[in-house]
Amino acid sequence: MLGLRKTNGKSWRALYGADSFAHMMRAGGIDLLFALTLIFLCQLLGESIVTLLDLPVPGPVVGMALLFVGLSIKGGIPADIAMVGDNLLKHLSLLFIPAGVGVMLHAELLRTELLPISAALLVSTLLAIAATGLMMRWLMKDGKSDAQETSQ
């Protein structure tokens, strides 16, 4: 029946989450559509702010910050937004396909700039590790963890 093949006793819908999505839509599709629209609206607003103010930050990062501020003001994450966010995160790997295609299209440019890219990756990784270590040391009182303080 039109590709509804079973695999290990499960339909393709069960394997790929279509049943849970259908259940989710029956549970309150309008609210979930509103939640998805709100998430995309925050991203669009972030892109608009970055474009208008010529900020050196990606628009989705500004949009995520706006969503965070809005949810903080509200005092929590509504169930609909949490459900939509969980489903987006579950399928996050699909969003890396366009980036992989872009890398393949510019393989020659990456090959010619391999040394500067590698150096930048190495230096930024080392700086991130150092910054994390320094921040952890600063956040821990006198370099002692809570477990060490309670044992003394």
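Here our numbering is used: position 29 in the sequence shown is 1375, and no number is missing along the way.
Every residue gets a Cβ at the ideal spot worked out from N, C-alpha and C, and that includes glycine.
query                                                                                                                                                       : result
Are the CB atoms of G1409 and L1391 nearer to each other than 7 angstroms?                                                                                  : yes
Considering P1424, what are the terminal residues of the alpha helix (DSSP H) in which it resides?                                                          : Looking at the DSSP string, P1424 is not in any alpha helix (DSSP H), and its letter there is neither H nor E.
How about the region 1381–1388 and the region 1412–1426: do they share at least three Cβ pairs that are nearer than 8 angstroms?                            : yes
When the distance is taken between beta carbons, is C1388 closer than 7 angstroms to L1417?                                                                 : no
Given a cut-off of 7 angstroms, decide if G1405 and V1396 are closer than it, judged by their beta-carbon atoms.                                            : yes
For the alpha helix (DSSP H) containing M1482, name the first residue and the last one.                                                                     : L1460 to L1485
Which parts of the region 1394–1453 are runs of the alpha helix (DSSP H), unbroken and 4 residues or longer, counting only runs that do not cross its ends? : 1405–1420, 1425–1436 and 1443–1451
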